[in-house]
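Everything below concerns the one structure shown next.
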Ligand code: URA
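In my numbering, the protein residues as written are 13 to 485.
Written out as structure tokens, the structure is:
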């Protein structure tokens with residue numbers, strides 16, 4: 013009998029090494045006992061010495077992806093199950109496509125559970141600020157209780173997303189610290205974590221996206237199971253919001269058609285001012301934006317791109333979404349469209365450092381083509397989801413005039429992009445009464461195939477920006 017003890021971290025890698033050696037030596041699954049961490053008091057001794065070295069073992073690619081998930085499951089038999097599959101595959105390479113095979117079905121189910129658990133960790137973990145807010149790197153901590161041993165494989169996700177801050181994630185099985193490098197330590201009981209402003213912000217966010225007319229309690233609880241609620245600041249609102257959903261939906265239906273624009277403007281201004289206060293610094297806004305999961309665009313983008321410029325700017329420019337270079341640098345309008353924009357700003361005498369420049373959508377939407385990432389236009393839902401951020405920026409800056417550059421910005425600001433070329437040069441209003449000057453997007457000019465048309469359109473764009481400058485004085 014062979015006894016294999018796998019370390020608490022580096023588990024999957026260690027399993028692969030041992031499994032390769034054991035398979036090469038022809039050791040059958042029934043002759044191996046697998047342990048994770050310290051083995052319990054061993055009644056049967058240390059077992060035979062493990063075979064060393066390994067011959068070439070080939071496995072289907074699908075097995076590797078399956079094993080990479082199943083090895084993090086909490087089932088005590090997981091290592092033995094995956095090894096048994098590896099053993100069986102040496103004799104029947106097509107076994108994994110037999111979905112009726114109970115061993116395959118069990119492994120697939122386990123992989124799915126691990127995948128879901130990892131998704132939940134990335135979606136429902138909430139950091140709280142700990143330590144000194146004035147330190148050069150801010151420090152955050154979170155508590156999470158995963159169903160499976162997913163902390164190690166999921167930690168790189170957080171390192172990538174929150175690479176510019178220090179953080180720790182505490183779980184019962186494993187602790188992970190990040191300070192530029194990932195470090196693992198044993199699990200812990202739940203530490204006392206402070207309530208901080210981030211909590212209030214999450215609540216505001218949650219309240220703002222909660223539409224009582226569309227509430228589906230079962231779907232909501234399936235997606236966000238109760239066990240996570242206690243660590244999510246916004247979840248404290250769920251019972252109260254569900255209880256009042258019926259009344260709120262009726263109130264909304266009654267109020268919607270009769271809400272006069274002037275009153276709507278007043279309410280929105282108050283909400284914006286209130287929300288703006290919660291982002292007392294540009295940094296805070298950026299940190300919150302980093303965690304945006306309002307639509308799936310965050311998954312493939314490098315980072316969200318916040319607006320840039322003074323918070324007392326009189327002029328605000330809104331584009332569509334970050335492009336390739338903006339996504340990489342984290343700054344709006346720095347690529348080819350940004351260069352044309354800069355040139356025209358300079359032509360009409362606007363100093364870019366005095367205006368606020370942002371986008372209607374904060375994450376880059378693209379389709380990969382080989383090494384290139386081709387721009388894809390955001391759809392209506394994505395524009396709607398991201399409007400929350402743009403509205404916050406508008407509330408914080410409260411500009412005298414917003415320049416909507418292109419259809420996406422115009423749709424986000426006024427509700428429709430129809431007839432943009434007819435509307436161009438005109439001044440319209442957002443529903444809460446901010447002035448919007450309509451113009452085209454600089455990329456539209458860059459895409460025109462003929463030079464004469466490009467020159468004409470650049471001249472009209474220049475005239476629009478000049479009008480913007482004059483209108484705010
Ligand atoms: N296009 C945009 O709309 N925004 C950018 O930031 C860059 C290109």
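Even for Gly, the Cβ is constructed at its ideal location relative to N, Cα and C.
- Rounded to whole angstroms, residue 408 and residue 402 show a C-alpha spacing of 10 Å.
- Secondary structure note for residue 386: its beta strand (DSSP E) is the uninterrupted segment 384-387.
- Going by beta carbons, residue 97 and residue 115 fall inside the 9 Å limit.
- Taking a cut-off of 8 Å on C-beta distances, the region 408-428 touches the region 388-396, as three or more cross pairs fall below it.
- For residue 338, the Cβ falls inside the 8 Å cut-off from some heavy atom of ligand 1.
- For residue 180, the enclosing beta strand (DSSP E) starts and ends at 178-182.
- Residue 129 and residue 197 have their C-alpha atoms roughly 21 Å apart.
- As for any beta strand (DSSP E) of minimum length 3 sitting wholly inside the region 121-202, the runs are 140-142, 151-155, 178-182, 186-190 and 194-198, ordered along the chain.
- Contact annotation, residue 92 with residue 41: C-beta distance approximately 6 Å; criterion of less than 8 Å satisfied.
- Between the alpha carbons of residue 180 and residue 454 lies a distance of about 43 Å.
- DSSP assignment within the region 79-124 yields no whole beta strand (DSSP E) run of 3 residues or more.
- As computed with DSSP, residue 441 is found in a beta bridge with 447.
- Inclusion of residue 173 and residue 302 in the CB contact set at 9 Å is warranted, their separation being smaller than that value.
- Remark: the C-beta of residue 334 is in contact range of ligand 1, defined as less than 8 Å to any heavy atom.
- DSSP places residue 380 inside the beta strand (DSSP E), whose first and last residues are 378-381.
- Residue 188 is positioned such that its CB atom lies closer than 9 Å to that of residue 170.
- For residue 326 against residue 411, the beta-carbon gap comes to about 6 Å, under 8 Å, which counts as contact.
- The region 456-470 and the region 339-353 touch, with three or more beta-carbon pairs separated by less than 8 Å.
- Rounded to whole angstroms, the separation of the alpha carbons of residue 333 and residue 118 is 43 Å.
- Around the beta carbon of residue 150, a 10 Å sphere encloses 16 or more other beta carbons of the protein chains shown; the residue is thus reported as buried.
- The C-beta distance from residue 477 to residue 356 rounds to 6 Å, short enough to meet the 8 Å contact threshold.
- A buried status is given to residue 339, since no fewer than 16 other beta-carbon atoms sit within 10 Å of its beta-carbon.
- Cβ-Cβ distances below 7 Å link residue 43 to 13 and 14 in the same chain, with the five nearest sequence neighbours on each side left out; the list follows chain order.
- For residue 341, the enclosing alpha helix (DSSP H) has its first and last residue at 336-341.
- Here residue 193 is exposed. Its C-beta has fewer than 16 other C-beta atoms within 10 Å.
- Ranked by how close their Cα comes to the Cα of residue 190, the residues 418, 300 and 177 have 177 in first place.
- Per DSSP, residue 400 is one residue of the alpha helix (DSSP H) stretching across 392-409.
- Annotation: residue 413 to residue 299 spans about 27 Å, alpha carbon to alpha carbon.
- A Cβ-Cβ distance of about 6 Å is found for the pair residue 451 and residue 436, placing them in contact under the 8 Å criterion.
- Contact check for residue 137 and residue 156: beta-carbon distance about 5 Å, within the 8 Å limit, so the pair qualifies.
- Checking the 8 Å criterion, the Cβ of residue 344 is within range of a heavy atom belonging to ligand 1.
- Residue state for residue 418 is assigned as coil, using DSSP reduced to three classes.
- Between ligand 1 and residue 417, a heavy atom-to-CB distance of less than 8 Å is present.
- At a Cβ-Cβ threshold of 9 Å, residue 20 and residue 159 do not count as neighbours.
- For residue 455, the CB falls within less than 8 Å of some heavy atom of ligand 1.
- At the C-beta level, residue 63 and residue 39 come within 9 Å of one another.
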